[in-house]
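With our numbering as the guide, the letters of the sequence shown map in order to residues 16 to 152.
Positions of the beta carbon are idealized from the N, C-alpha and C atoms, including for glycine.
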Amino acid sequence: MKRSAKAVWKGTVKDGSGVLTTQSTTLNDTQYSFKSRFEEGVGTNPEELLAAAHAGCFTMKTSALLTEAGYNPETLETDCKISLVDGKITLSELTLNARIPGISEDDFQKIAKDAKENCPVSQAFSFEKTLTATLVN
């Protein structure tokens, strides 16, 4: 399986701008720029897209592992923050809040850790990944 996206950029890095389009067209000429990446401009940026990819992949992997272990998750809500420091992506911080009937704290933590270490996006990232996982009643 292959998925694709296309970026088109016009102009200099500070004054120019670009658009991103994904194969599915979920992103369709979605704007990005220096301001949307390093300031508070309108549009997306690569770090935001990495955060979305990591949150989505980790959450799906967690759901799959929970299902395999015989649990039926009601809600898995993941926030991901990607840190860009001195021009390098250095950290992905996952925060999971989960509602899962009948699971013990120990089982929950083991499954969440497994998902963090083994989801495909985690495996693609060479920088540090952290996880804070909380069961919500």
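CB of Phe-142 within 8 Å of CB of Ile-104, strictly: The Cβ atoms of Phe-142 and Ile-104 sit closer than 8 Å to each other.
CA nearest to the CA of Leu-64, picked from Lys-125, Ile-126, Asp-94: It is Asp-94 whose Cα lies nearest to the Cα of Leu-64.
Beta carbon of Ala-67 nearer than 8 Å to that of Thr-90: Inclusion of Ala-67 and Thr-90 in the CB contact set at 8 Å is not warranted, their separation being larger than that value.
Leu-111 and Ser-98 closer than 8 Å at C-beta: Cβ distance not < 8 Å, so Leu-111 and Ser-98 don't count as in contact.
CA-to-CA distance, Thr-147 to Leu-80, given in whole angstroms: A direct Cα-to-Cα measurement between Leu-80 and Thr-147 gives close to 17 Å.
Alpha-carbon spacing of Gly-102 relative to Arg-52, whole angstroms: Just so you know, the alpha carbons of Gly-102 and Arg-52 end up roughly 11 Å apart.
Cys-95 - DSSP class collapsed to helix/strand/coil: In the structure shown, Cys-95 sits in a strand (DSSP, three-state: E or B).
Sequence-distant residues of its chain with Cβ nearer than 8 Å to Pro-116 (five each side left out): Cβ neighbours of Pro-116 beyond the five flanking positions: Tyr-86, Asn-87, Glu-89.
Cα-Cα separation, Val-100 to Ala-70: Going from the Cα of Val-100 to the Cα of Ala-70 covers about 20 Å.
Buried or exposed (CB count within 10 angstroms, at least 16 for buried), Ala-130: Ala-130 is buried by the Cβ-count criterion.
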